[in-house]
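Those sequence lines, one after another, are chains D, V and B. Mind the numbering: the first sequence is residues 14 to 305 in our numbering, read in order. Mind the numbering: the second sequence is residues 10 to 414 in our numbering, read in order. Mind the numbering: the third sequence is residues 7 to 328 in our numbering, read in order. Positions of the beta carbon are idealized from the N, C-alpha and C atoms, including for glycine. First up is the structure itself, then whatever we jot down about it.
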Amino acid sequence: MPELSTLVAQVFTGLVLGMIYVLLAIGLSLIFGLMTVVNFAHGALYMLGAYFGVFLLTYTKSFWIALIVAPLMVGVVGLLIERFLIRRLYGRSPDDALLLTFGLSLILVEGVKVFWGKIGLTLDPPRALAGAVDLGFMTFPAYRLFLVAVIAAVLIALYFFLGRTNIGLIIRAGSRDPLMVRALGIDLGRVWLVVFGIGTALAGLAGILAGPMRGAYAEMGVTMVIESFVVVVVGGMGSLLGAVVAGLLIGQVVGLTTLFVPKLAEIMVFLVMAVVLLVRPSGLFGEAGLME
Amino acid sequence: MDRRSFLATTAAGAAALSFPTVLRAQSKDPLRIGFPLPLTGPFGALAADQQRGATLAMDELNAKGGVLGRKVEVLFRDDQLKPAVGAQRTKELIENDKVQFVVGGLAAHVQMAINEQTKKSKVLFISVSQSDEISAKPDTSPLTFHEALNPTITSRAVGNWIAQNLGKKWWIIYADYAWGKQNNAVLTDTLAKQGGTLLGSTPYPLGSAEFSAHLPKIQAAKPEVLVSMTPGADNIAFLKQINSFGMKKQMKIAQPLVWLPQLKEGGGELYGDVYGGTSFYWEIEDTIPSAKKYVDTYRKKHNAPPGDYGAYAFSGVMEIARGCELAKSTDSEAVAAALRKSPVYDHYKGKQWWRACDNKSFQDLWITRGREPGKVKGEWGFVDVVAKIPANEELDRTCKEKGHA
Amino acid sequence: MSILRGVAIRIGAHPVLDFWVFFAVFPFILPNRTMATQVLIFGLLAMGFNLLYGYTGLLSFGHAAYYGLGAYGCGIALAKLHVGSLWLGLAAGLGLAGLGGLVIGFFCLRRRGIYFAMLTLAFAQLLYFIAFHLADWTGGDDGLRGIPQLTLGLGPWQYSIETTLAFYYFAYVLVGLAVGALKRILDSPFGAVLRAIRENTSRAVACGYDVNRVKHLSFVFSACFAGLAGSLDTLRLTVVPVESLYWTTSGQTVMMTLLGGAGTFFGPFVGAATFLVLEERLSRVLEAWPIVIGAIFSAFVLFLPKGIWGTLTGGIYGRQSA
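Shown next as structure tokens:
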């Protein structure tokens, strides 16, 4: 049995990991809920966020500029993907979008190696966040506290955006009943574009935030995308609250199994999903019958 | 483009791609060496170094008129770091490209799959990356040679040195897969023989580089040395997290291996004051003539110094050539016998030799210490060489322990 | 083009016979003979996947599981249990894969659509990590080695299948039998129900079919085909890499089937051949070849969703855009 401080430290590590899952899963879930598109390229866009971050940091020397601009750049890539590729697939089986984005992820992962080389790149946090903070009972890296705060802020902003603005209203309505929204004369195509842009930008943000802890390398998104899918499925496809709860849950599950039984750490994610799906078929917060 | 013209273009493209073999088969009869390596996948940078090293050997041999009067041709194939692909490419190299020898592989599991095919086809294979099993029974064969170091040698050599120079109270952290587990076992054993204390040993899942939960516990245990087996991208994440906990000031950090591409990625910031083992670091050129020659040629061509895996590849190809010249033949059995008969060679870092029982290459290795930021020399001078561990058969398991009666 | 299509349609009329004829000479048309067996094996794997995706409408992202179970079943029987007979090895592989399909199918089929795809993926990854850590039986990440090269025993006679061509014809017979079995399945009333499920599940339910049982049976058949492919690959390479169970194997199977044409009889073989030849040729000339493969695959999803064979046969067996 590990000591209490180790346990607390691991719970916090799980929180950090969970927050990154949340960010990725919310993007996936938004895109899925509105467009019924399963974006397999999400992991590659997460990786792209980290690479854009390194690129911007090199040229602007400012982590803060990189933190804001890199996700926007990823969002633009997302917009292009939606406008010129995915848009052609509407009306076809949802499997097709999954397959297309699977192909795109192959292109992106190999593409960054052509541009940035085969060696991974490091991304340094700003000096102010480089050290560790003494919390009294334990020390903790300042950057991780910062990461949790940033993601929490983004989630709150997203909550108000979706809950309190007109476009947020349309997005929510569109995922409930697209036909009705269209009948009211709203151009859903533009909403889709915006949602895809936001969803992918969130993946980019997750990437640049994870960069200073893990570095940037081409394969960094490969397992993340599968795990984020698991989070979305556990939370319930299309449910944002579900993505948050499931993301934090999976973060803790991974964190604690890593501590107690490292051999099971990779398996637990899938076990949790299998159990949740069998007990509560539409996920923790999902609506029954959606996307079956 | 409509569907039909798209199809037609695709078909034409496919046809164009299949021409080169037909043409190549017409040329004279060179000495062909097959070289599977993971050009794509997470070890791409190390594979690129391998390819450069092997190409350099090929060019050097051809500049001298080839081997037995025949031109040397090294055929590189991407194994994608997947054993099944490595096996398939090896079969193709042997059956279609008619290579006489195979050198290559960059991970234990891919080597094993390659070795299965070369054994069946009775083709000499020189493995050029780390593995304990490749030179032990039942995997090995009289035609399987192992040029690289292995976990046992590396961890015994580095472990002894750490215990004698950095301290005898250790904590070990390792990735939970074959390479990590083997090193952990050897290090634990080595430390016990040195009379040291192992305060703790932490496995973590390979590729999920989250160490921060373990770090406070390790800090509290106050080891003198933290030994880490965290390969690839995990190594960068590990050192970043060590840094953010300020642990470098509290204990020495050591690892059985450091790799040049990672040194480049992490720089002095991450690798400063980190101790590691290596089979080759380019700055040994200052004292070793053959290293000087190798590094110079490599730099001239690639404008960057060579790494350890490129050097293994270089040496592997050179050994094939030496064996052919000795045997006056390109027959695998004859070449293998010739190499065992005249086992001593020096292609890039001083004297090496093949042990007769298991075709294992014995060679020097070095202990390095990372230079602090600001002390890094030029673009690639990341470490100081602090010790040389001379080649010694006692560092490996004995012939008997490896199943060779 | 219309000639090609005519030929393709005619081939569609007697698929099993055509399989026997075409693959009898296949190694001699391919630029690279060693690849012929690989095409058969991966074609068989894709064929198994296609039964589920193309004919039943269930997208499995976890066919690595049954391929890997087949490979390990055969490998463990030969290397660890020393059964000493190639047939027993194949039977072990087929049995383990079929059992895996039975159990995993039972769980996955409780969900539909994307959830189904995710569950199949999850179970496959689960098996991967189990095999990774169960090194005493599976060899862990170093792969399972020590698989003996056995001769083919037919009654009192023993044949060596060590050469590439001999092994090819051994695999050719087995895969040919599997192709014949698939044809029988599809032509049976059971096959008709499968297609009914693909086109309109609720209607099939309304017609009184026990849809879940039919799907489950289709899942098990599909797993058996994949398992046979895995067992054959074990005999061919005499090593079982743990990556056999990894999700990239599943992804590659999906790509092959889609390239060739999902829901078409020969699509999986056409796709396997196209993919493997492209991969081998491209990786020689271009280091960043996965970009090209990814682009070709994406282009097929966008512009040629029926795949090569489906486009040629004009959708006779083609999956309607449903």
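Continuous beta strand (DSSP E) stretch holding residue i: start and end
i        : result
V/His155 : Thr153 to His155
D/Arg189 : Segment Asn179 to Arg189 is the alpha helix (DSSP H) holding D/Arg189; no beta strand (DSSP E) there.
V/Arg86  : Val81 to Asp87
B/Phe272 : B/Phe272 -> no beta strand (DSSP E), and no H or E assigned at all.
V/Arg364 : Gln361 to Arg364
V/Ser136 : Leu133 to Ser136
V/Phe371 : Lys369 to Phe371
Residue span of the alpha helix (DSSP H) that contains residue i, given as start and end
i        : result
D/Val51  : D/Val51 -> no alpha helix (DSSP H), and no H or E assigned at all.
V/Ile329 : Asp317 to Ala336
V/Leu272 : Leu269 to Tyr280
B/Thr201 : It should be pointed out that residue 201 of chain B corresponds to Arg in this sequence rather than to Thr. Here the alpha helix (DSSP H) through B/Arg201 covers Pro195 to Glu205.
D/Ile120 : Pro107 to Trp129
V/Tyr307 : Pro298 to His311
V/Val111 : Unbroken run through V/Val111 is the beta strand (DSSP E), Phe110 to Gly113; no alpha helix (DSSP H).
Interface flag, residue i vs chain B, CB-CB below 8 angstroms
i        : result
D/Leu290 : yes
D/Pro191 : no
V/Pro47  : no
D/Leu30  : no
Helix, strand or coil at residue i [DSSP, three-state]
i        : result
B/Phe173 : helix
V/Gly390 : strand
B/Tyr165 : strand
B/Thr126 : helix
V/Ala145 : coil
V/Thr30  : With a pLDDT of only 44 at V/Thr30, under the threshold of 50, the placement of this residue in the model should not be trusted, and no figure is reported.
B/Tyr72  : helix
V/Ala396 : strand
B/Phe309 : helix
D/Leu306 : The structure shown does not extend to residue 306 of chain D, since chain D is modelled only from 14 through 305, so no value can be given for it.
V/Leu200 : helix
D/Phe68  : helix
V/Val353 : strand
D/Gly249 : coil
Residues that residue i bridges to, as DSSP identifies them
i        : result
V/Gly285 : V/Gln264 and V/Thr377
D/Leu17  : For D/Leu17, which the question treats as bridged, DSSP gives no partner whatsoever.
V/Ser420 : Chain V is shown from 10 up to 414; residue 420 of chain V falls before or after that span and cannot be answered.
D/Asp147 : D/Thr152
B/Phe303 : Note: B/Phe303 sits in no beta bridge, so no partner.
V/Pro45  : V/Arg86
B/Leu150 : B/Val246
V/Val76  : V/Arg79
D/Ala229 : D/Leu134
B/Tyr78  : None, per the DSSP bridge assignment.
V/Ser210 : V/Ile181
Pair within 8 angstroms by beta-carbon distance, residue i and residue j
i        : j        : result
V/Phe154 : V/Ile182 : no
B/Tyr134 : B/Leu251 : yes
D/Phe115 : B/Gly68  : no
V/Ala320 : V/Gly285 : no
B/Val245 : V/Ala117 : no
CB contact check: residue i to chain D, cutoff 8 angstroms
i        : result
B/Phe112 : no
V/Ser221 : yes
B/Phe173 : no
V/Ala242 : yes
B/Pro21  : no
V/Gly216 : yes
B/Pro296 : yes
V/Gly62  : no
Contact list for residue i against chain C, beta-carbon separation under 7 angstroms
i       : result
B/Val13 : No chain C appears in this structure, whose protein chains are D, V and B.
CB contact check: residue i to chain V, cutoff 8 angstroms
i        : result
D/Ile132 : yes
B/Gln131 : no
D/Ala79  : no
D/Tyr34  : no
B/Val307 : no
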